[in-house]
Structures are given as C-alpha cells and as structure tokens.
Amino acid sequence: MTWGMELTPVIDVARDFGHRLLHQHWSPSNRLTDRTAMRAAATALDESIHAPLRAALSALRPGARWVEEPDERTPLDEGEWWAVDDVEGAVNLLHGRPEWCISIALLRAGSPILAVVYEPVADRLFTAVAGVGAHLHTPATALLEISPKVDFSDAIIETSQVGDEPEELQSRIGNAIGKLMSRALLVRTTIPTTFPLLAVATGRSDVFWQFAPATTGVAAATLIATEAGARASDLTGSPWRPGAPSLLVTPPALHEPAVKAMADL
Numbered sequence: 001m002t003w004g005m006e007l008t009p010v011i012d013v014a015r016d017f018g019h020r021l022l023h024q025h026w027s028p029s030n031r032l033t034d035r036t037a038m039r040a041a042a043t044a045l046d047e048s049i050h051a052p053l054r055a056a057l058s059a060l061r062p063g064a065r066w067v068e069e070p071d072e073r074t075p076l077d078e079g080e081w082w083a084v085d086d087v088e089g090a091v092n093l094l095h096g097r098p099e100w101c102i103s104i105a106l107l108r109a110g111s112p113i114l115a116v117v118y119e120p121v122a123d124r125l126f127t128a129v130a131g132v133g134a135h136l137h138t139p140a141t142a143l144l145e146i147s148p149k150v151d152f153s154d155a156i157i158e159t160s161q162v163g164d165e166p167e168e169l170q171s172r173i174g175n176a177i178g179k180l181m182s183r184a185l186l187v188r189t190t191i192p193t194t195f196p197l198l199a200v201a202t203g204r205s206d207v208f209w210q211f212a213p214a215t216t217g218v219a220a221a222t223l224i225a226t227e228a229g230a231r232a233s234d235l236t237g238s239p240w241r242p243g244a245p246s247l248l249v250t251p252p253a254l255h256e257p258a259v260k261a262m263a264d265l
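Here the sequence shown stands for residues 1 to 265, where the numbers follow the UniProt record's numbering.
Structural data, given as structure tokens:
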C-alpha cells in the first residue's frame, strides 16, 4: 500500500473528529469566566476525543507508538510514531475563536512522513506526504507555494507560545521578539503553533521559529511546510528532527539570513 493510499483513511479520521468537535463543543459565542472554568472545559474536551481518536488511528497502524508528554522534546527511537494533537488550539475553541485544528503526523525513524491538519471552522484541510508534496483542499486541491522573499528585513516572522512555558523561557521569547522587531518587517506571536507554520507553507508568512518545540505541535505542519518547499532546521542551521532544542522554518533563500539574524537569540 502506498502512502498516498494511506492518506485517505487518516483524512477521514481528521474530518470525522473535527466535525464532532465543531458541532458538540465549538460556538462563536463560547466564553469562559476564569482559568478554573477553562481547565474544566478543557478536561471535558479531552475526554470526549482523546481515546476514540487514538483508537481510530491505532487501527490504521497497529504497530505505531504514540508521542506522549515525556517524549515531546526528546529524540524518538526508530520505528513508527503517531504525533497527534487532538485539539491544537483548544484555548481558542473554548473562547469562540476559529484558530484550532486536529493535527496528525506519522513519523518513521524520527522524521515525519505523513501529515494531515484539518481546520473544522474554515473546513480547510492540509496534507503532505514526504517526497510527494503538500496540498491544500478547500474543497478544490491545490499545491502549496512558499514565499519568494530573499531579504530578512522584508520578512514577516512568526513564533508561538505553548502557554505553560517556565518563566525563564517566557523571558527568552520576549527578549527575542524585541530584538527581531528591528530586524524584520513584522514579528507576530500566536497560538497554536500549527497556524503560523501553515502561514509559511502558504507564503503568507516568511519565517517561523520556536524555542523548545513540542513534537505533537510541530511535526505535521513542519512536514507540510517542507513539502511546500521550505527548509526546516534548528536555530543553528542544523537539520531539524524531533527533540531538537529549537525550530526554524523558512524558504531556502531566507534560511541563511535567518540563521545569522537569530544567532544572538
């Protein structure tokens, strides 16, 4: 069975569970009063989808392991791994915002080989297979095209926060944003991580970077971006793999300028 043939059942899973979340949990009028209410809502959300989504994907690749919390920022062993964020951007869903998705990646030997990202509110589907390319389905299918920019000072740069970073990492992110504001056209930070990575994949942004990336948060969209033509590395320029201390995704022409511009971060 080819990877292209295996993509279809993964798409079906993403759409099915995305529609469930959309109709059962999301409304543009969603509002929360405080963090206690948000934690309770997030727990209910997770309980409604985590086990059945995992069962559906495990049925497709019974031998694949799962990237769990302890594995998020460490290199992965050989073999196949599912790196899945059931509701990436749950905080947005719970506040009535549309920027949330189901993010699914299958990794082999430590590298993403298949990716499906489904945005239920927009009914947008992104797919990628290693060596085959990346596509956007809305519902017409189109190849993705990255930015043609070559000058870092013209670049729109994006990063993302997880929301539970230690104070030291929060300070580092803030200091880095401050430095980059004078070096690039625009610097943005948002959540969840998948959306700014997809912005690079579609040419709407030029550079994505992140300290301490979580594998389930970046694996799918990073493959989509690289299959669209982008280059992925850590901030030193070494090829990115799960467990790397940082992530940098840019068009090839911007990669070296970005590494130089971010050397002091």
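Quick reminder that beta carbons are idealized off the backbone N, C-alpha and C, glycines included.
- prompt: By how many angstroms is the C-alpha of G217 removed from the C-alpha of V10?
  reply: Cα to Cα, the separation comes out at about 17 Å.
task: Go to R241, then tell me how far its alpha helix (DSSP H) extends in each direction, as first and last residue.
output: From DSSP, R241 is part of no alpha helix (DSSP H); its letter is neither H nor E.
- prompt: Should K149 and L254 be called a contact, given that it needs their Cβ atoms to be closer than 8 Å?
  reply: It is a contact, given that the beta carbons lie within the stated cut-off.
task: Answer yes or no: do R73 and A230 have a C-beta to C-beta separation smaller than 8 Å?
output: The Cβ atoms of R73 and A230 do not sit closer than 8 Å to each other.
query: Which first and last residues belong to the beta strand (DSSP E) in which G133 is found?
result: Where G133 is concerned, the enclosing beta strand (DSSP E) stretches over G133 to H137.
- prompt: When you compare only the Cα positions, how much space is there between Q210 and H23?
  reply: Cα atoms of Q210 and H23: separation of roughly 32 Å, rounded to the nearest angstrom.
field: Length of the line joining the Cα atoms of residue 306 and L107
entry: Lying before the first or after the last residue shown, residue 306 is absent from the chain, which here runs from 1 to 265.
task: Count the other CB atoms, across all protein chains shown, that sit within 10 Å of the CB of T222; report buried if there are 16 or more and exposed otherwise.
output: Classification of T222: buried, given that the 10 Å Cβ count is 16 or more.
- request: Just mark G174 as buried or exposed, buried being the case when its beta carbon has 16 or more other beta carbons within 10 Å.
  value: Exposed, since its Cβ has fewer than 16 Cβ neighbours within 10 Å.
- prompt: What does a CB cutoff of less than 6 Å around A105 pick up in its chain, not counting 5 residues either side in sequence?
  reply: Same-chain partners within the cutoff: A83, P112, A115, A219 and A220.
task: State the start and end residues of the unbroken alpha helix (DSSP H) segment that holds L197.
output: Its alpha helix (DSSP H) spans residues T194 to A201.
- prompt: Using a Cβ-Cβ cut-off of 8 Å (strictly less than) and excluding sequence neighbours within five positions of P252, which residues of its own chain qualify?
  reply: For P252, the CB contacts under 8 Å within the same chain, skipping 5 residues up- and downstream, are G229, A230 and R231 in chain order.
message: Beta-carbon within less than 7 Å of A90's beta-carbon, same chain only, minus the 5 sequence neighbours each way: which residues are those?
response: Here the set comprises A42, L45 and W100.
Buried/exposed call for P192, threshold 16 Cβ in 10 Å: With 16 or more other Cβ atoms within 10 Å, it is buried.
- request: Work out the CA separation of A201 and S160 for me, nearest whole Å.
  value: Roughly 16 Å between the two C-alpha positions.
field: Span of the alpha helix (DSSP H) around D46
entry: In the DSSP assignment, D46 falls within the unbroken alpha helix (DSSP H) covering R35 to L60.
message: In this structure, how does DSSP classify Q210 when only helix, strand and coil are distinguished?
response: Note: Q210 maps to strand in three-state DSSP.
- prompt: Is the beta carbon of L135 less than 8 Å from the beta carbon of L32?
  reply: Looking at the sequence shown, residue 135 is not Leu but His. Cβ distance not < 8 Å, so H135 and L32 don't count as in contact.
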